[in-house]
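> A single structure is presented below for examination.
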Ligand SMILES: [Zn+2]
Ligand SMILES: [Zn+2]
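Numbering (the working numbering), first residue to last: 248 to 419.
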């Protein structure tokens, strides 16, 4: 088996020779994957601004292909794609301004901290013992923590009643 060329952008490999490389690197699929990779680091607003400033590429819109690929100075975005981009851009702005995403109706960590603070100050008159009991209950754990998959063991909340101390552990 000859040498293989692996393209990180496209996540695929092929036999490494001049012809295959050229064919791949100039192929539409590769150019698209590469552009998508770099777009990943730009904000949707930047992409939108760029695309909107360009005139539509007539060649691309008529024939679906264009020799210039993503480096074409005309826009290859269809109306639907521009609309989708606009939606993403609005989402992005909302998030950066700290708006709550209505699809995530879970209480925020900030809200949890506020109620926790209130509860604690309300308890100041009670004994220390009670306060410690309170801290061990499940309700004191931010709900977000349970939605994180594969939490490292050190971050997993203790079971109700706290961890059982292993008195008989032997250390070698
Ligand atoms: Zn590629
Ligand atoms: Zn073009």
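For each residue, glycine too, the CB sits at the ideal point set by N, CA and C.
What residues are listed by DSSP as bridge partners for residue 260?
BP columns for residue 260 point to 253.
> Taking 8 Å as the threshold, find out whether the stretch 305-318 comes into contact with the stretch 275-289 through three or more Cβ pairs.
Contact between the stretch 305-318 and the stretch 275-289 is present, because at least three Cβ pairs lie under 8 Å.
> Here's a check: name, in chain order, each residue in its chain whose Cβ is nearer than 7 Å to the Cβ of residue 304, leaving out the five neighbours to either side.
Within the same chain, residue 304 has close Cβ partners 313, 319, 321, 322, 323.
> Taking the alpha carbon of residue 311 as the point to measure from, which residue in 302, 325, 301 has its own alpha carbon closest?
Selected option, being the one with the closest Cα: 325.
> My output table needs one value for residue 418: the three-state DSSP class, helix, strand or coil.
In this structure, residue 418 counts as coil in the three-state DSSP scheme.
> If distances are taken between C-alpha atoms only, which option among 369, 299, 267, 365 comes closest to residue 328?
Taking only the C-alpha atoms, the option nearest residue 328 is 299.
> Between the C-alpha atoms of residue 400 and residue 418, what's the straight-line distance to the nearest angstrom?
Cα to Cα, residue 400 sits roughly 20 Å from residue 418.
> So, does the stretch 290-299 touch the stretch 259-279, judging by three or more C-beta pairs under 8 Å?
In short, these stretches do not touch, since the Cβ pair count stays below three.
> Grab me the residues of residue 297's own chain with a C-beta within less than 6 Å of its C-beta, minus the 5 sequence neighbours each way, in chain order.
Cβ neighbours of residue 297 beyond the five flanking positions: none.
> Over what stretch of residues does the alpha helix (DSSP H) that includes residue 285 continue unbroken?
Taken as a continuous stretch (DSSP letters only), the alpha helix (DSSP H) holding residue 285 covers 275-286.
> Between the C-alpha atoms of residue 409 and residue 279, what's the straight-line distance to the nearest angstrom?
Going from the Cα of residue 409 to the Cα of residue 279 covers about 53 Å.
> Ordered along the chain, which non-local residues of its own chain (more than five positions away) have a Cβ less than 8 Å from that of residue 339?
Result list for residue 339: 290, 291, 292, in chain order.
> From the DSSP output, in three-state form, read off residue 322 for me.
In the structure shown, residue 322 sits in a strand (DSSP, three-state: E or B).
> Return the residue from the list 250, 343, 254, 256 that minimises the CA-CA distance to residue 263.
Ranking the options by Cα distance to residue 263, first place goes to 250.
> Whole angstroms are fine: how far does the CA of residue 404 sit from the CA of residue 366?
C-alpha separation (whole angstroms): 20 Å.
> If you measure between the beta carbons of residue 424 and residue 359, is that distance less than 8 Å?
Lying outside 248 to 419, the shown extent of the chain, residue 424 is not represented and no answer is given.
> Assign residue 307 to one of two classes, buried (16 or more other C-beta atoms within 10 Å of its C-beta) or exposed (fewer than that).
Residue 307 comes out buried.
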